[in-house]
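> In our numbering, the protein residues as written are 129 to 429.
In this text, a Cβ means the ideal position worked out from N, Cα and C, and glycines have one as well.
Quick caveat, the model's predicted, so the values are computed rather than measured.
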Amino acid sequence: MAKRKKKTNTYKKKQSGFSAKKVLLLLIIVLSITGCIKIALAYKTEQETTKKKTIQHQVVEKKKDETIIGQRKREKEIYGVDSQKVWNALNAYDYENGGKKEVFLTFDDGPSLTNTPNVLKILKDNNVKGTFFVIGKSLRIDGAPNILKDIYNQGHAIGNHSYSHDYSYLYPSRVLSMENFSSDFKKNDDLIKASLDMENFSTRVIRCPGGQISWQKTEPLNEYLIKNNKASIDWNCLNGDAEGPKKNADQLYDEAVKSSQNKNLVVLLMHDTYGKEETVKSLDKIIKYYKSQGYEFKTLV
Ligand SMILES: [Zn+2]
129 MAKRKKKTNT YKKKQSGFSA KKVLLLLIIV LSITGCIKIA LAYKTEQETT
179 KKKTIQHQVV EKKKDETIIG QRKREKEIYG VDSQKVWNAL NAYDYENGGK
229 KEVFLTFDDG PSLTNTPNVL KILKDNNVKG TFFVIGKSLR IDGAPNILKD
279 IYNQGHAIGN HSYSHDYSYL YPSRVLSMEN FSSDFKKNDD LIKASLDMEN
329 FSTRVIRCPG GQISWQKTEP LNEYLIKNNK ASIDWNCLNG DAEGPKKNAD
379 QLYDEAVKSS QNKNLVVLLM HDTYGKEETV KSLDKIIKYY KSQGYEFKTL
429 V
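Quick look at the structure:
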């Protein structure tokens, strides 16, 4: 009986020794697997972080790309002309333009819910681009931001024409108030960005309400423009839709043709704001006139 008991104890000992080894082995295997999983996870996380960083970098690059465009990139490359260069030529009354016939259709004081969509349709039908000098007063109106988006999406250029368009605020006693002027234009810049939903949108082209040459002591404006990389542009032709007695479409056409005579460089002032239905009616004929005379249609950027 005693002998048998001893045998059983030895067997138990042997058995527990085997179990300890097994547990140790198992532990090593588990630890190895855990280690491998940890390494694999760390590798995956690193790869994901690199991927995220690449995407972030691409987004930043894209945003940079979109800054200071004033117009969609593709159309800017095809139609855009440096407005500073055009303004220098206008200032010098040099409309010869190196023998090149170029017309800039410009539309001020919009966008309006009534006329701008029709202007856009006519431009599209004729496959030409224009420049829209928008004001805050018009942009504030419900629905106007969507029209501004259409202007941008259809490849036209956008210029800043002030927020208030208020002569007595911008030029008290006909003298430029640089302080009022810069804050008014900044306010409109912000509204343009918000309307387009594009934080990085910026336009360097401005047009002074009433035209820069109409006001006194505008020298500080030149310094402001240089400092802020902006360019101001007036016009050298007009259809007369804001001057004198109200004209019908035929009279507006005649006026545009008359004021363009002997000019290779044409910056045509028109308006797409409320009440300018006759301008819309005359636009198709005006565009076809410039086409027949061999002009190229360009935008101000
Ligand atoms: Zn205006």
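(1) Given a cut-off of 7 angstroms on the beta-carbon distance, is the pair Arg332 and His289 in contact?
(2) With respect to 6 angstroms, is the separation between the Cβ of Asp237 and the closest non-hydrogen atom of ligand 1 below this value?
(3) In the DSSP assignment, what are the bridge partners of Met306?
(4) Let me check understanding here. Comparing Cα to Cα, which of Ile286, Leu298 and Gly372 lies closest to Arg200?
(5) Could you tell me if the beta carbon of Pro245 falls within a distance shorter than 6 angstroms of some heavy atom in ligand 1?
(6) Which term fits Gly422, buried or exposed, when burial requires 16 or more other beta carbons within 10 angstroms of its beta carbon?
(7) Let me check understanding here. Comparing Cα to Cα, which of Glu230, Gly372, Ser330 and Asn357 lies closest to Val209?
(8) Exposed or buried, Thr234, counting other C-beta atoms within 10 Å across all chains shown (16 or more means buried)?
(9) Measure the C-alpha to C-alpha separation of Tyr431 and Pro348 and round it to an integer number of angstroms.
(10) Starting from Glu230, follow the beta strand (DSSP E) in both directions and report where the run begins and ends.
(11) Return the CA-CA distance between Glu174 and Ile156, expressed in angstroms with no decimal places.
(12) Using 10 angstroms around the beta-carbon of Val408, count the other beta-carbons present and answer buried if the total reaches 16, otherwise exposed.
(13) Which class does Phe261 belong to by DSSP, given the choice of helix, strand or coil?
(14) For Glu203, tell me which candidate among Leu396, Ser296 and Gly283 has the shortest Cα-Cα distance.
(15) Evaluate the contact criterion for the segment 350-359 versus the segment 382-390: three or more CB pairs, one atom per stretch, below 8 angstroms.
(16) How far does the beta strand (DSSP E) with Leu397 in it reach, from first residue to last?
Reading off the structure:
(1) For this step, residue 332 is matched to residue 204 along the sequence shown. For this step, residue 289 is matched to residue 161 along the sequence shown. Taking C-beta atoms as the reference points, Arg332 and His289 fail to come closer than 7 angstroms.
(2) Taking the first residue of the sequence shown as position 1, residue 237 is located at position 109. Indeed, a heavy atom of ligand 1 lies less than 6 angstroms from the Cβ.
(3) What you label residue 306 is simply residue 178 of the sequence shown in a count that begins at 1. Note: Met306 is not bridge-paired with any residue in the DSSP secondary-structure output.
(4) Residue 200 sits at position 72 when you count from the first residue of the sequence shown. Ranking Ile286, Leu298 and Gly372 by Cα distance to Arg200 puts Ile286 first.
(5) Here residue 245 refers to the residue found at position 117 when the sequence shown is read from its first residue. Every heavy atom of ligand 1 is 6 angstroms or more from the Cβ of Pro245, so no.
(6) Translated into positions along the sequence shown, residue 422 becomes position 294. By the neighbour-count rule (16 or more Cβ atoms within 10 Å), Gly422 is not buried but exposed.
(7) The sequence position of residue 209 within the sequence shown is 81, counting from 1. Out of Glu230, Gly372, Ser330 and Asn357, Glu230 has the C-alpha closest to the C-alpha of Val209.
(8) Residue numbering aside, residue 234 sits at position 106 when the sequence shown is read from its first letter. With 16 or more other Cβ atoms within 10 Å, it is buried.
(9) A question about residue 431 goes unanswered here, because the residues of the chain that appear run from 129 up to 429.
(10) Position 102 of the sequence shown, counted from the start, is the residue given in the question as residue 230. Run containing Glu230: Glu230 to Asp236, per the beta strand (DSSP E) assignment.
(11) Within the sequence shown, numbered from 1, the residue matching residue 174 stands at position 46. Within the sequence shown, numbered from 1, the residue matching residue 156 stands at position 28. Cα to Cα, the separation comes out at about 27 angstroms.
(12) By one-based count along the sequence shown, residue 408 stands at place 280. Val408 comes out buried.
(13) Within the sequence shown, the letter at position 133 stands for residue 261. Residue state, collapsed to three classes: strand.
(14) Within the sequence shown, residue 203 is the residue found at index 75, counting from 1. When only C-alpha atoms are compared, the closest one is Gly283.
(15) no
(16) The sequence position of residue 397 within the sequence shown is 269, counting from 1. That run of the beta strand (DSSP E) goes Leu393 to His399.
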